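What follows is a set of notes on a single structure, which appears directly below.
Numbering (this note's numbering), first residue to last: 17 to 224.
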């Protein structure tokens, strides 16, 4: 069973601000975009999500589990769900033909990677646009509601970025799992490695 507090290197009595700071430190070390371990990043993101949710944190503190399931299984299940979706799409695309399903699965995951990266860039642009104006609206009296709106837009985009980062980590882990497989086409009798697995194709060498 994974220790969520150990994942973020924070004490069990850590408040919300301490958990956020601990997550930022851990994310810098494990983020796939900076050469980090996708699985470690996924665990850190899960730990943050649980520890920042009072009800989920209480259940975890009492049982050592998240939503009734061991912590380690949640990330693994997401990886398997992603692979299962890619397999289903590959089988449908093959439509009875003797195609390399492993190659089709990797292409499916690569397409998902492109879509996620586009969403990441959109969120970053939103943050950059609103950050330019933070603190520039002055109010004569009362709360600065416009500045609060700007802060809210930035916070929403940053939360979305965190969720997308978790998707990146899960996707990388799914691709890594497929690297351990070969596919044998029935008309050859020999294991057939996907052209994607061999390092060819438009997405070769790129991370999520």
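Think of the CB as a built atom: it goes at the ideal place given N, C-alpha and C, for glycine as much as any other residue. Being a predicted model, the structure only gives us computed values, none of them experimental.
A distance below 6 Å between beta-carbons, with the five flanking residues on each side excluded, links residue 64 to the following residues of its chain, in chain order: 39. Less than 8 Å divides the Cβ of residue 23 from the Cβ of residue 59.
By DSSP's assignment, residue 143 forms no beta bridge with any residue.
Around the beta carbon of residue 153, fewer than 16 other beta carbons lie within 10 angstroms, which makes this residue exposed. Secondary structure of residue 155 (DSSP, three-state): coil.
Per DSSP, the continuous alpha helix (DSSP H) segment holding residue 177 begins and ends at 161-194. Judged by DSSP in its simplified three-state form, residue 200 adopts strand. Taking a contact as a CB-CB distance under 8 Å, the pair residue 181 and residue 91 does not count as one, their CB atoms being some 13 Å apart.
In this structure, the beta-carbon distance from residue 169 to residue 139 does not fall below 8 Å. Its chain contains 150 as the residues whose beta carbon lies nearer than 7 Å to that of residue 167, once the 5 sequence neighbours on both sides are disregarded; these appear in chain order. Between residue 199 and residue 103, the C-beta spacing is not below 8 Å.
Residue 32: member of the alpha helix (DSSP H) spanning 32-46, first to last residue. In this model, residue 51 and residue 129 are separated by some 16 Å (Cα to Cα).
Counted as a single uninterrupted DSSP element, the stretch harbouring residue 111 is not any alpha helix (DSSP H), since DSSP gives it neither H nor E. Taking a 10 Å sphere around the C-beta of residue 121, we find 16 or more other C-beta atoms and assign the residue as buried. Of the candidates 98, 163, 164 and 136, 98 places its Cα closest to the Cα of residue 123.
Within the same chain, 180, 183, 184, 187 and 224 come within 8 Å of residue 132 by CB-CB distance, once the 5 residues on both sides are set aside. When DSSP states are grouped into helix, strand and coil, residue 101 belongs to the helix group.
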